[in-house]
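Chains as they are written, first to last, in my numbering: chain G, 16 to 551; chain D, 3 to 541.
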């Protein structure tokens, strides 16, 4: 490797590192309950070797009843040990995996294609909005992506060297994806199948069975709980959502048919609607709107406003890349196309119209195509492309670092940090805290921001589920009651702190004599978030 | 019978395009009525509805419709009368012609089996059928573009100027037929010339003739655009009429600590934001939801729960792209160029994605599907029983989807979006005209687009009377005008409390305009789904 190339590589990795780590603790503005749960469980594991519910070294964290795969929390333990229990420490592992992803994609392209194309690809990965976004936050999907790339690289190494250790390590990494992210349970077997289909020949299976054995071994502890925890699956599963009876009746009335009659079902059976929905979701992930214009438009947690998951010039680069691979490198083309198809599947099969997190794996084949496209352009066009990419990247940085907080703070439950620290500072003066759960899962933020001793919590942890939602909630923790504020009946209480929205604690009713107004908490866009008051 | 398959396909195309053409789509929309009535006016007086003699663009609602379709309508209206069927028939005929042309074109460019499959798929294409049924200018212009591309390819095989010349003329004609073609046809022409640039440069005489031909044939269009207000259409529906980017610029600049800083200005300014909007408008025409699942958001341009293409087309489009890339010859680039050029005009407007303005995209996509399908059939390892099974499977899949489309089109479309085609006006006008002699004044709600033209159309109001006795209103924010009154008819928003209590005044109201009681209901006109559309009342 020439010095020039090496220094370019180092610079690109640094750019990628900085865009993943800079202001990591405070941006995205806020902290999701899943992040708080992973952080607190890491803290709990660090101090007691048990999760928040007291199970020792669990593979799966019960958390809010969503049974999170536990690996991310384990990998967060060192960061929490070194940096303390805070947002930065919880998010740091993901940023590190983000940098590792850069390196792994580089190696993958260098193996499959050329060193030159790999260099261009790593540049695109470094500045990729999709991969940056999910590296900035405790996203298990990012960890899973990183592990599956490592697995693929090791499989390639196995094919080259026929080394048993490589294939066993590949099995290990692929197995660990199952411990890190729900979507991997579908993606990992399929991507392995795709790889085998494209790259294995008749002669090189033998030792591969060892790798498979490692993988199956790692999957076993998960299988054991699979059925008891399948509630989550049925909620997320697309087939659990059907058309309303009113909709079907309206259709049948137009047909002047009975909704159960065979002639109605020919064109309007539930399965047809389901297939349309499935195709719609699959196609949404390949749509320009998703990739280049808006990102995951259904969820502001998954994207920044006014920007897609790729820079717009990459649309042209991908087209060039597609041309290059299909004209000259058919096998790689088919591998990348199947990679993309398999990456979409977990998301297409779940309920949301589109999802940037469940389809995160899709970023890899697409960015590789763009990288190959960029490397194949004539010199002058390539320079132009690079400059336009730099411009778009700077625009992206502006949107992310200056503007995103004004749009995303609601989605990232921004007000909790201020609310919890305020309540904690007054906690000794009051008997009780009524903390409205209206923004979602407040208990985990109290645990997280007060670094509540896990040993004390494990004994009293009790998740309340009422069957209406896919996750449960915690109603009580020491002085805290996580129940909606009902000011009409509670306004006569004493020695109580209330945390609620301006609708739960209406301005015109803030008039009992013993009332102390502790704070008004606002979102960065000045929308009212929470009101904190106390009755002495 | 050498051409048995082709003839069968053409018959199929004709049947699905002409069967019940006058009554489906249910209703008649204002644009169709305008084309019909202007043709009627040209036939009888040689002037359009507003009295302009033999115009290149019809002023109509201030949207300056390209006039070619109205001229083509003249013989149809003269023979068949001013009816829905007569004014829709030319579009249907051009639709059938497209099916033939796509066969000729693909046979020339690729091979005969692909040509037959292309023709079959175009014959049953929801996108193509939808815009073949109705007096849409777009189908005429897409057919002309297709003819032009075919003639250009014929030229590239024979190098006889007559093909190039005819091809240019059809391209130019398409620009006289539809607004979008004024952008797409030149772009596509330029693209094709680039693909065949070496052949063109080797024949400088052909180039010179072409330039002369173009200058002559485009002169009337250029003159019309420069001398009338015809350019205003773009400012009404164009990209710049969308104020979203301006609001966004203000919003985002306000979030910078110094809204006037260099960074805020570099990233949040009109040229950049409108360029991004254009790119995004262009790209969304390739959204899968638009092409395969739900189609256009506008009810007039879509059938409920149906894509513009069949869902299974997606698979074959992938195969088609793969095949063309493996070929990567000039034929492949003709198709790719067309796909890239087709949505440009639509992207310059602000209602996107727009199935009507980008309709010529259906041609290259259908061809791509056909090429993909042919590849699947000719895939060697499967030549056998398996291939036959595959064919049976595909034919049943497509038959099913086609049947479902027809079902949605004939049963659910009119009932789900009854307002989309302004259903009810035919009965309404008949009823109002029957009652009219007993009243001094007739006031009609303007809830539905341009009611005056539907009254003119259905009552076959003498054009010479209308030309001298009406005024166009000021333009609204989309740059549309309308006619508020002619003779003793007035078209306005009904504000019940402001209306005089006058028994000599007949009122046609949208049910939502009326109070609970206090009017004398003479007649109710219904939508196809049984919901009331109009109440004919007196106060």
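Virtual Cβ for every residue (Gly too), placed ideally from N, Cα, C.
Check                                                                                                                                                                      : Outcome
Based on DSSP bridge pairs, tell me the residues matched to residue 540 (chain D).                                                                                         : D:522
Identify the continuous beta strand (DSSP E) that holds residue 316 (chain G) and give its terminal residues.                                                              : Counting along the chain, residue 316 (chain G) falls outside any beta strand (DSSP E), and DSSP gives it neither H nor E.
Determine, for residue 245 (chain G), whether the minimum Cβ-Cβ distance to residues of chain D falls below 8 Å.                                                           : Any answer about residue 245 (chain G) is weak, because its pLDDT of 49 lies below 50 and its placement is not dependable; what the coordinates show is given next. Residue 245 (chain G) does not count as touching chain D.
Consult DSSP for residue 96 (chain G) and reduce its assignment to one of helix, strand or coil.                                                                           : helix
Let me know the secondary structure DSSP gives residue 344 (chain G) once reduced to three states.                                                                         : coil
Among D:280, D:99, D:415, whose alpha-carbon lies nearest the alpha-carbon of residue 9 (chain D)?                                                                         : D:99
Given that a residue counts as buried once 16 or more other Cβ atoms are within 10 Å of its Cβ, and exposed if not, what is residue 189 (chain G)?                         : buried
For a contact meaning CB atoms closer than 9 Å, what does residue 290 (chain D) contact in chain G?                                                                        : 294, 295, 297, 298, 299, 300, 301, 302
Less than 8 Å between the CB atoms is what I'm expecting for residue 108 (chain D) and residue 117 (chain D), so what's the real figure, rounded?                          : 4 Å
In this structure, what does DSSP give as the bridge partners for residue 71 (chain G)?                                                                                    : G:65
Does any CB atom of chain G fall closer than 8 Å to the CB of residue 363 (chain D)?                                                                                       : no
Just how far apart, CA to CA, sit residue 238 (chain D) and residue 81 (chain G)?                                                                                          : 52 Å
Using a Cβ cut-off of 8 Å, pull out every chain D residue sitting near residue 183 (chain G), in sequence order please.                                                    : By Cβ distance, chain D contributes nothing, its closest Cβ being about 36 Å from residue 183 (chain G), past 8 Å.
Between the C-alpha atoms of residue 304 (chain D) and residue 151 (chain D), what's the straight-line distance to the nearest angstrom?                                   : 27 Å
What span of residues does the beta strand (DSSP E) with residue 189 (chain G) cover, start to end?                                                                        : From DSSP, residue 189 (chain G) is part of no beta strand (DSSP E) but of the alpha helix (DSSP H) over 179-195.
Rounded to whole angstroms, what's the CA-CA distance from residue 369 (chain G) to residue 302 (chain G)? Just pull it up for me.                                         : 10 Å
Please list, in chain order, the residues of the segment 269-288 of chain D that have any C-beta partner in chain G closer than 9 Å.                                       : 269, 270, 274, 278, 281, 282, 284, 285, 286, 287, 288
By Cβ distance below 6 Å, which residues in the same chain neighbour residue 246 (chain G) in space, the five residues on each side in sequence not counted?               : Unreliable placement is indicated for residue 246 (chain G), whose pLDDT of 49 sits below 50; the coordinate value is still reported in the next sentence. Once the five neighbours on either side are set aside, residue 246 (chain G) has no close Cβ partner at all.
Can you name the residues of chain D whose CB is closer than 8 Å to the CB of residue 269 (chain G)?                                                                       : 413, 414, 417, 418, 531
Does the Cβ of residue 175 (chain G) have 16 or more other Cβ atoms within 10 Å, making it buried, or fewer, making it exposed?                                            : exposed
Which complete alpha helix (DSSP H) runs does the segment 467-500 of chain G hold, if anything under 4 residues is left out?                                               : 469-475
Using only the alpha-carbon positions, how far apart do residue 248 (chain D) and residue 331 (chain G) sit?                                                               : 27 Å
Residues of chain G with a CB under 8 Å from the CB of residue 250 (chain D): which are they?                                                                              : 321
For the candidate residues G:25, G:524, G:492, whose alpha-carbon lies nearest to that of residue 504 (chain G)?                                                           : G:524
Answer yes or no: do residue 103 (chain G) and residue 40 (chain G) have a C-beta to C-beta separation smaller than 8 Å?                                                   : yes
Measuring only the C-alpha atoms, how far is residue 409 (chain D) from residue 369 (chain D)?                                                                             : 25 Å
Please report how far the alpha carbon of residue 351 (chain G) lies from the alpha carbon of residue 213 (chain G), in whole angstroms.                                   : 10 Å
Sorted by chain position, which residues of the same chain lie with C-beta nearer than 6 Å to residue 415 (chain D)'s C-beta, five sequence neighbours on each side aside? : 305
At 4 residues or longer, and completely inside the segment 281-359 of chain D: list those alpha helix (DSSP H) runs for me, N to C.                                        : 315-329, 332-343, 346-349
Select from the segment 392-420 of chain G all residues with a C-beta closer than 7 Å to any C-beta belonging to chain D, and list them in chain order.                    : 410, 413, 417, 418
With residue 167 (chain D) as the anchor, note down where its alpha helix (DSSP H) starts and where it stops.                                                              : 163-179
Tell me the rounded alpha-carbon separation between residue 382 (chain G) and residue 139 (chain G).                                                                       : 7 Å
Return helix, strand or coil for residue 193 (chain D), following the three-state DSSP convention.                                                                         : helix
What does residue 398 (chain D) touch in chain C if you count any residue whose Cβ is under 7 Å from its own?                                                              : In the displayed structure, chain C is absent; the protein chains listed are G and D.
Of all the alpha helix (DSSP H) runs that stay within the bounds of the segment 391-478 of chain D, which reach a length of 4 or more residues?                            : 415-418, 427-437, 453-461, 465-470
Between G:422, G:450, G:306, which has its C-alpha nearest residue 514 (chain G)'s C-alpha?                                                                                : G:450
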